[in-house]
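Visitor:
Protein chains: 2
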Amino acid sequence: MITVQEAKQIILSNTQDFGIEEIPFLESDGRILKEDIIADRDFPPFNRVAMDGIAINYRFFQYGVRDFKIEGVQAAGSPQETMENAAHCYEVMTGAVLPNNCDTVIRYEDVSIETLMATVNLSEIKEGQNIHIKGSDKTEGTVLIPKNKQISPADIGVLATVGKATIKVAKLPKVMIVSTGDELVNVTETPEAHQIRRSNVYSLVSLLNELNIPSETAHITDNKEVLKDKIARYLQEYDILLFSGAVSKGKFDYLPEVLDELDVKKLFHRVSQRPGKPFWMGQTDTCKVFAFPGNPVSTFVNCLVYFYPWYKKSVGLTESTQTAILTEDVIFKPNLTYYLQVKLHSEKGQLLATPIKGNGSGDLASLVEANGFIELPQTKEVNFIKGNVYSIIKI
Amino acid sequence: MITVQEAKQIILSNTQDFGIEEIPFLESDGRILKEDIIADRDFPPFNRVAMDGIAINYRFFQYGVRDFKIEGVQAAGSPQETMENAAHCYEVMTGAVLPNNCDTVIRYEDVSIETLMATVNLSEIKEGQNIHIKGSDKTEGTVLIPKNKQISPADIGVLATVGKATIKVAKLPKVMIVSTGDELVNVTETPEAHQIRRSNVYSLVSLLNELNIPSETAHITDNKEVLKDKIARYLQEYDILLFSGAVSKGKFDYLPEVLDELDVKKLFHRVSQRPGKPFWMGQTDTCKVFAFPGNPVSTFVNCLVYFYPWYKKSVGLTESTQTAILTEDVIFKPNLTYYLQVKLHSEKGQLLATPIKGNGSGDLASLVEANGFIELPQTKEVNFIKGNVYSIIKI
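For the protein sequence lines, the chains are A and B, in the order given.
Residue numbers for the first sequence follow this note's numbering, so the first one is 711 and each next one is one higher.
Residue numbers for the second sequence follow this note's numbering, so the first one is 711 and each next one is one higher.
#1: Please specify which runs of the alpha helix (DSSP H), each continuous and at least 4 residues long, are wholly inside the stretch 958-986 of chain B, giving them in chain order.
#2: Under a three-way DSSP split, which group does residue 1010 (chain B) fall into?
#3: Give me the subset of the stretch 778-801 of chain A whose CB atoms are less than 8 Å from a CB atom of chain B, sorted by chain position.
#4: Would DSSP call residue 918 (chain A) helix, strand or coil?
#5: How would you list, in chain order, the residues of chain A whose beta-carbon sits under 8 Å from the beta-carbon of residue 962 (chain B)?
#6: Can you find a C-beta in chain B that's less than 9 Å from the C-beta of residue 1045 (chain A)?
#7: Beta-carbon of residue 707 (chain A) versus every beta-carbon of chain B: anything under 9 Å?
#8: Touch check for the stretch 861-875 of chain B and the stretch 890-910 of chain A: three-plus C-beta pairs under 8 Å?
#9: If you count every other CB in all the chains shown that lies within 10 Å of the CB of residue 1086 (chain A), and 16 or more means buried, which is it?
#10: Looking at the structure shown, is residue 1093 (chain B) part of a helix, part of a strand, or coil, going by DSSP?
#11: Note down, in chain order, all residues in the stretch 879-899 of chain A with a beta-carbon under 8 Å from any beta-carbon belonging to chain B.
#12: Is residue 1072 (chain A) close to chain B? Criterion is C-beta to C-beta, closer than 9 Å.
#13: Exposed or buried, residue 1043 (chain B), counting other C-beta atoms within 10 Å across all chains shown (16 or more means buried)?
#14: Measure the beta-carbon distance from residue 1048 (chain B) to residue 1011 (chain B) and round it to whole angstroms, keeping in mind my assumption that it falls under 8 Å.
#15: According to DSSP, what are the bridge partners of residue 1035 (chain A)?
#16: Any idea which residues DSSP pairs residue 860 (chain A) with across the strands?
#17: For a minimum of 4 consecutive residues, which ranges assigned as the alpha helix (DSSP H) are wholly contained in the stretch 739-795 of chain A?
#18: Determine whether the Cβ of residue 901 (chain B) lies closer than 9 Å to any Cβ atom of chain A.
#19: So, for residue 858 (chain B): in the same chain, excluding its five sequence neighbours on each side, which residues have a beta-carbon less than 7 Å away from its beta-carbon?
#20: For residue 928 (chain A), collect the residues of the same chain with a Cβ closer than 6 Å to its Cβ; drop the 5 residues on either side in sequence, then sort them by chain order.
#21: Just how far apart, CA to CA, sit residue 756 (chain B) and residue 904 (chain A)?
#22: Among B:924, B:848, B:970, B:856, which one has its Cα closest to the Cα of residue 884 (chain B)?
#23: Whose C-beta lies closer than 6 Å to the C-beta of residue 790 (chain A) among residues of the same chain, with five residues either side of it excluded?
#24: Once you ignore the five residues that flank residue 724 (chain A) on each side, which residues in its own chain have a CB closer than 7 Å to its CB?
#25: How do the stretch 833-842 of chain A and the stretch 713-722 of chain A stand: do at least 3 beta-carbon pairs fall below 8 Å, yes or no?
#26: Could you please give the first and the last residue of the uninterrupted beta strand (DSSP E) stretch that includes residue 734 (chain A)?
#27: What would DSSP say about residue 935 (chain B), mapped onto helix, strand or coil?
#28: Report the neighbours of residue 920 (chain B) on chain A: residues whose CB is nearer than 8 Å to its CB, in chain order.
#29: Quick one: list the residues of chain A neighbouring residue 910 (chain B), beta-carbon separation under 9 Å, in chain order.
#30: At which residues does the alpha helix (DSSP H) containing residue 714 (chain B) begin and terminate?
#31: Between the alpha carbons of residue 1029 (chain B) and residue 1020 (chain B), how many angstroms are there, rounded?
#32: On a CA-only basis, which of B:1066, B:1093, B:942 is nearest residue 950 (chain B)? Give me that one, please.
#33: Residues in the stretch 984-1018 of chain A with C-beta within 8 Å of chain B's C-beta atoms, listed in sequence order?
#34: Would a check of beta-carbon distances place residue 923 (chain B) closer than 9 Å to chain A?
#35: Is residue 1007 (chain B) near residue 914 (chain B), with beta carbons less than 9 Å apart?
#36: Residues in the stretch 830-863 of chain B with C-beta within 7 Å of chain A's C-beta atoms, listed in sequence order?
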């Protein structure tokens, strides 16, 4: 049995490259960018009027002129006009190019206009005010969005601005999620007294959706030959296999044996943690196998603790550790890393983690109230003190 | 001009009901549940074996028996067996029903097995150990997931477990996002010197995607008649219209006038905030109109500050305020609520907000580095002090 730290280290040293694909920018929400996005022009691309009002030549204001004859209108979207008489003004609209011979904009709120004359009702203005200077945000050629960033709504706007109608992103892996266990029946069936409905695979589908990864699901009966045949095929067809169940010490827990016979190289089996201890991890040249224990909370925790960071590192995403303050003392005797379900809430700039009373790794229903897990490290101490800070995983 | 608080209060008093629809549970990630989900059976539905090992009758262990003849195997998914001789044991698998006449499970790690005899290598065990008692998590009829919850991966698992193949969720609104501004060209076009590409509508599409709301987009030229014709049609066809641009004081900012002529009832126009001041909000009996200013950061902030909480309240979701600690002094002179873009990061259980240097409401590119806004309240003080706590909006 290895520690959580060792397991994480092994997993993060065995990332996988899924390649790159080009997709329409508007379908790229949440995907991982795989090219630097460069400014194709200056940002803004011209001296841009930043307020509706009039544009003048500051020199005349400075000399005491307050009445300016309106020589024309510069609308947004019109080619740049030229103000012929520097003592005049131009009406200008937000987003328009600043007309030639103008250098300062005064907003309508500070001007009175009668027929073709604008009078400025201010005794002081700043030369160059209300102009968004060409290239002042970014200059042409600057990297606006570096590669390996997860694409956000602001990025979508920038991609549109620079005309990147399609972009290169990390290709999505092909994932199969497999449940085992003869006690399981389908969601639409009414279980017998000794049966329950399949649920772990669907929690996993949903957890992968959060990473924008589509997946398929299958169920395999607890029969060694059937298991072996099907897995042999999945190993060829998929980049990632996630299993739930059949990795512990039960008489029908054939999975580690079958994977070994299929030449899947074991990276480790069993991690000193609760829940999720019997986790089995292995790989072939083309496929990673995450075999999670069948208890629902175990499968859930292991997906968050191992699959999430492994996938993020595989596609190039770096993530910093998040921490929260424990709001209650927690007593935990086993010498294991303890993943405790918590309700995370913000208070005065602090992130607080309040334990949710659960009933062990089989108690899926208690997860409904939780929005994270706190990681209480493996230690000989039994008592985790209220007010201490620990790493968390948000759901 | 009203304050941010007044604007929020007006918006939240004018929510909208989009109705309810029934969808497959596996397509419900992130949607808002509109029915209570009830336990159809006890959780767990039987006395469930929680460890692979042997099941015994505790009385015999208590009397000093350590060797138990193996009478049979109770596999997960098999109907409950009965142990005929109470001095014997049954091999039991995780997830199986506890056999009749057994009351305690000892895991394989603590047992030696030779031919048909199991020897317990422990001097002490707890009566009833390693059994997940019927109904101990939840009893039949309990509300497992209350309505108005946003559906999470754990919920998906619970929905599967109780056999809810389809569920009732809040219906999605029909949304049209409209840009105005003759300076705008399409993403695939090469802009002239005085033009820029459309980007705000795509940021809005992406911001709505984060709420799982699909949307359509359109562009309308700065022509009052065209604007009026198209909006008249959109008001009939959509539940929500989002506009970007044409609400300020420019000569071609026809939108408030056109909306008035189309009998859209104005709720307010202009809010004492930066960015996003010229925000216009109104409604008909069937349609809400959010008309955001055209500067990219203004549109972005107003969508987060107003549309997000309005939508969440409309579908029944309650959200608590999040706060963070400002890491630098900020000087802001205007008597306006200031939405400052920040980088949020976790440190020792605290959420820290570090301002991102931006270049005003036109500077979309600076948002790429931000992952939130901090709300610095409207006040006569100019100085917001490092270490103080303020509300934040995460992106």
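C-beta: ideal position from N, C-alpha, C; glycine also.
Guide: Walking through what the data contain:
#1: 965-971
#2: helix
#3: 783, 785, 786, 787, 788, 789, 790, 801
#4: helix
#5: 785, 786, 803
#6: no
#7: Absent from the structure is residue 707 (chain A), since the part of chain A shown begins at 711 and ends at 1105.
#8: yes
#9: buried
#10: strand
#11: 891, 892, 893, 894, 897, 898, 899
#12: yes
#13: exposed
#14: Their Cβ separation, rounded to whole angstroms, is 10 Å, which puts residue 1048 (chain B) and residue 1011 (chain B) out of contact at 8 Å.
#15: A:1062, A:1099
#16: A:742
#17: 768-772
#18: yes
#19: 742, 743, 1026, 1027
#20: 888
#21: 7 Å
#22: B:924
#23: 807
#24: 977, 993
#25: no
#26: 730-734
#27: helix
#28: 739, 863
#29: 867, 870
#30: 714-722
#31: 11 Å
#32: B:942
#33: 1004, 1005, 1006, 1010
#34: no
#35: no
#36: 842, 846, 847, 848, 854, 855, 862, 863
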